[in-house]
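Residue numbers (my numbering): 69 to 658. Just so it is clear, CB atoms sit at the ideal spot from N, CA and C, and this is done for glycine as well. Keep in mind it's a predicted model, so treat the numbers as computed, not measured.
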Ligand code: G6P
């Protein structure tokens, strides 16, 4: 799983590719590489680590030539090593390829090719370079060799290929992983994400599955899997370049936590027509199923609760990677609501394809304009929270909640109530962030010697416990569990010892009395209680204050100090909360 980019034109390719890769790093940052074509040779530099480390160690920017391909990696097959980093070459070193996806039949292909070809890496990708080499007979154009090679591949791919045989051509093809071509003047681009080349052009062509683009500085030709020419007009994107600005904060995650009062306001500003269309889709469907991964799934669980409480609609949440096993009852009367910050998460896209093949309608709630998910949906509501750079979702999670509140209240014909409440909450949150900016780092430092935490909550706050626990795992590498407080006594209580930190989300809503009674149970077994509430209680050993809000809106204010807690827990352990080990912002493999 990774990000790919290709360029051919008149500028130094290494500069264009390197700059583009900085905007693809959210797709993987364990290794990176670039290959350029110059004077009849391929020039390759690749290394392990974040892009800036690879550039520091290998000086990618010094590669010569005006045509090349680049890659940022999140390892799937083969460890994080220089040899496994992309681009990969064929035996004769005249073909270079970079790949996003998974080649399922790579072992079989490897066996088939191994008599004639020497594979140097453990990756699934390298076989494709050798397969193209097999078909690259004298007089055969690169595009034809690539077309023959991909016919043998089973799996998902966004492939970009460069070769000394056609020194100013990039061949790009996809199946299941996104690719978009950028049209410039005397130069052309291709990448997993148009953000990679947005400083150069806004004119784009989105490739569909099994299409191939043959890109030279002056021309882009697109063919279908059957070699038929595809005529497709370009679109000019009306999208801002995502500016990587920390605004005085040391880390993106902290900046994005502090962006949240404004994010609430921005997400509240939905286009009325789109919101109405979305509400109509809910009202005209027989059943509603949410699907998402990670933080977006926790947001969906809160959506399910709001749908029940406010819209009086029963709904369910299916983890996207489980959709294929579990979506049997989905039909043309079903509305699937897909939540995704990136709009590129492969599991979500696969789930949606499955739902659409059964005739379901799709409403998506996404942040990234022009993303694959947004383009596949019948209706899309946008988060409007701006680019989120830290791997761990914060402001996008909160914005997803805002959109879900607006949607649930719209379905019930009570939109204005939600809008008024959300504006009030934005101001309260701003105040609360300043208050907790002192208290929470102290708490995180004090508790930094503990290596397991339990988050407990009930009702609508149950998903907040899950999301808060996920934040701690993601950025501070601490084992934690977010659970329904009522379930404690059915097993987890056995793990509670003297001093075990238990974070209880106990606002003054309908869950308060029950949760306090669960707090008493764990406290009786020696737990150290951190109460997150708008009202102190003698049971709390530590108190994290949140503002008092309407009872349905507590998730918006209770998650924020817990995001801060996870952030400061990472800092207390000398970790980089923006780019945690083994993770990526957008997971583009299933
Ligand atoms: C990755 C990220 C998570 C995110 C999840 C879903 O695992 O590390 O932070 O919640 O993907 O991402 P999406 O873009 O679909 O919301």
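Which of the three DSSP states is assigned to residue 420 in this structure?
For the purposes of this step, residue 420 is taken as the residue at position 352 of the chain shown. Residue 420: helix per DSSP, three-state reduction.
C-alpha distance - residue 102 paired with residue 167, whole-angstrom precision:
Here the question's residue 102 lines up with position 34 in the chain shown. Here the question's residue 167 lines up with position 99 in the chain shown. C-alpha separation (whole angstroms): 12 Å.
Buried or exposed, going by whether 16 or more other CB atoms sit within 10 Å of the CB of residue 587?
The residue you call residue 587 lines up with position 519 of the chain shown. Flag for residue 587 reads buried.
Considering Cα atoms alone, identify which of 554, 601, 616, 252 is closest to residue 582.
By 1-based counting over the chain shown, the position of residue 582 is 514. When each option's Cα is compared against that of residue 582, the closest is 554.
Alpha helix (DSSP H) segment containing residue 330, residue limits
As a working mapping, residue 330 is identified with position 262 in the chain shown. Taken as a continuous stretch (DSSP letters only), the alpha helix (DSSP H) holding residue 330 covers 328–336.
Nearest to residue 415 by CA position, among 458, 244, 146, is which residue?
Within the chain shown, numbered from 1, the residue matching residue 415 stands at position 347. Among 458, 244, 146, the Cα nearest to that of residue 415 belongs to 244.
Let me check you understand the geometry: is the CB of residue 461 closer than 6 Å to at least one non-hydrogen atom of the ligand G6P?
Within the chain shown, numbered from 1, the residue matching residue 461 stands at position 393. Residue 461: yes, Cβ under 6 Å from the ligand G6P.
In DSSP terms, what residue 569 is bridged to:
Mapped onto the chain shown, residue 569 falls at position 501. Answer is 596, bridged to residue 569.
Determine contact between the segment 586–601 and the segment 557–577, defined as no fewer than three beta-carbon pairs at a distance below 8 Å.
yes
Ordered list of alpha helix (DSSP H) runs contained in the segment 464–518, each at least 4 residues:
483–514
What is the DSSP secondary structure of residue 204, reduced to helix, strand or coil?
To locate residue 204, count along the chain shown from 1; it is residue 136. In the structure shown, residue 204 sits in coil (DSSP, three-state: anything other than H, G, I, E or B).
Proximity test, residue 651 beta-carbon vs the ligand G6P heavy atom, cut-off 6 Å
Walking along the chain shown from the start, residue 651 turns up at place 583. Yes, Cβ of residue 651 sits closer than 6 Å to a heavy atom of the ligand G6P.
Using only alpha-carbon positions, find the residue among 627, 319, 191 that is nearest to residue 175.
Counting from one through the chain shown, the residue named residue 175 turns up at place 107. The shortest Cα separation from residue 175 among 627, 319, 191 belongs to 191.
Which residue wins for smallest C-alpha separation from residue 620, given the options 485, 512, 105?
Within the chain shown, residue 620 is the residue found at index 552, counting from 1. Answer by Cα proximity: 485.
State the Cα-Cα distance for the pair residue 164 and residue 139, rounded to the nearest angstrom.
Against the chain shown, residue 164 aligns to sequence position 96. Against the chain shown, residue 139 aligns to sequence position 71. Each residue's alpha carbon lies about 11 Å from the other.
So is residue 547 buried or exposed if we call it buried at 16+ other beta carbons inside 10 Å?
Taking the first residue of the chain shown as 1, we reach residue 547 at position 479. Looking at its Cβ environment, which holds fewer than 16 other Cβ atoms inside 10 Å, residue 547 is exposed.
Kindly indicate which three-state DSSP category residue 83 falls into: helix, strand or coil?
Against the chain shown, residue 83 aligns to sequence position 15. In this structure, residue 83 counts as helix in the three-state DSSP scheme.
For the alpha helix (DSSP H) containing residue 364, name the first residue and the last one.
Residue mapping note: residue 364 aligns to position 296 of the chain shown, counting from 1. 362–377 is the span of the alpha helix (DSSP H), which, as asked, contains residue 364.
Starting from residue 344 and walking both ways along the alpha helix (DSSP H), at which residues does that stretch end?
Residue mapping note: residue 344 aligns to position 276 of the chain shown, counting from 1. Its alpha helix (DSSP H) spans residues 340–352.
Whole-angstrom C-beta distance between residue 310 and residue 449, which should lie under 8 Å:
Along the chain shown, read from residue 1 onward, the residue named residue 449 stands at position 381. Along the chain shown, read from residue 1 onward, the residue named residue 310 stands at position 242. Wrong, their Cβ atoms sit about 20 Å apart, outside the cutoff.
Hey, could you find the ends of the beta strand (DSSP E) residue 167 is sitting in?
Counting from 1 along the chain shown, the entry for residue 167 is found at position 99. Segment 163–171, the beta strand (DSSP E) holding residue 167.
For the ligand G6P, any of its heavy atoms closer than 6 Å to the Cβ of residue 447?
Sequence index remark: in the chain shown, residue 447 carries index 379 (1-based). Outside the cutoff, so no.
What do you reckon, are the CB atoms on residue 255 and residue 78 nearer than 7 Å?
Counted from its first residue, the chain shown places residue 255 at position 187. Counted from its first residue, the chain shown places residue 78 at position 10. Yes.
Hey, would you say residue 489 sits closer than 7 Å to residue 618, going by beta carbons?
Taking the chain shown and counting its residues from 1, the one referred to as residue 489 is at position 421. Taking the chain shown and counting its residues from 1, the one referred to as residue 618 is at position 550. Taking 7 Å as the Cβ cut-off, residue 489 and residue 618 qualify as a contacting pair.
Runs of 3 residues minimum, wholly inside the segment 88–112: which ones carry the beta strand (DSSP E) assignment?
99–106
Smallest Cα separation from residue 430: which of 352, 144, 589?
Indexing the chain shown from 1 puts residue 430 at position 362. With distances taken between Cα atoms, residue 430 lies closest to 352.
Cβ atoms of residue 239 and residue 258: under 7 Å apart, would you say?
Numbered from 1 along the chain shown, position 190 holds the residue referred to as residue 258. Numbered from 1 along the chain shown, position 171 holds the residue referred to as residue 239. Not in contact: residue 258 and residue 239 (Cβ atoms no closer than 7 Å).
So, under 8 Å CB-CB, residue 307 and residue 273 are touching, yes? Tell me the CB distance rounded to an integer number of Å.
Numbered from 1 along the chain shown, position 239 holds the residue referred to as residue 307. Numbered from 1 along the chain shown, position 205 holds the residue referred to as residue 273. So it is not a contact: roughly 15 Å between Cβ atoms.
Taking 7 Å as the limit between beta carbons, can you name the residues of its chain near residue 422, skipping five residues before and five after?
As a working note, residue 422 is residue 354 in the chain shown. Cβ within range, chain order: 391, 392, 395.
Beta-carbon proximity list for residue 497, same chain, < 8 Å, skipping 5 on both sides:
Along the chain shown, one-based indexing puts residue 497 at 429. Hits under 8 Å: 328, 329, 332, 615, 624, 625, 628.
Whole angstroms is fine: what's the gap from residue 447's alpha carbon to residue 302's?
Within the chain shown, numbered from 1, the residue matching residue 447 stands at position 379. Within the chain shown, numbered from 1, the residue matching residue 302 stands at position 234. Roughly 22 Å separates the two Cα atoms.
Compare the C-beta of residue 283 against all C-beta atoms of chain B and say whether one is closer than 7 Å.
Here chain B cannot be found, since the structure has a single protein chain.
Tell me whether residue 659 sits in a helix, a strand or coil according to DSSP, three-state version.
Past the boundaries of the shown model lies residue 659; the chain is included only from 69 to 658, so the question cannot be answered.
What are the boundary residues of the alpha helix (DSSP H) that includes residue 393?
As a position in the chain shown, residue 393 is number 325, starting the count at 1. Run containing residue 393: 391–394, per the alpha helix (DSSP H) assignment.
Which runs of the beta strand (DSSP E) at least 3 residues long sit entirely within the segment 273–321? Give them in chain order.
280–284, 287–291
Sequence-distant residues of its chain with Cβ nearer than 7 Å to residue 637 (five each side left out)
Sequence index remark: in the chain shown, residue 637 carries index 569 (1-based). Once the five neighbours on either side are set aside, the close Cβ partners of residue 637 are 512, 516, 540, 544, 546.
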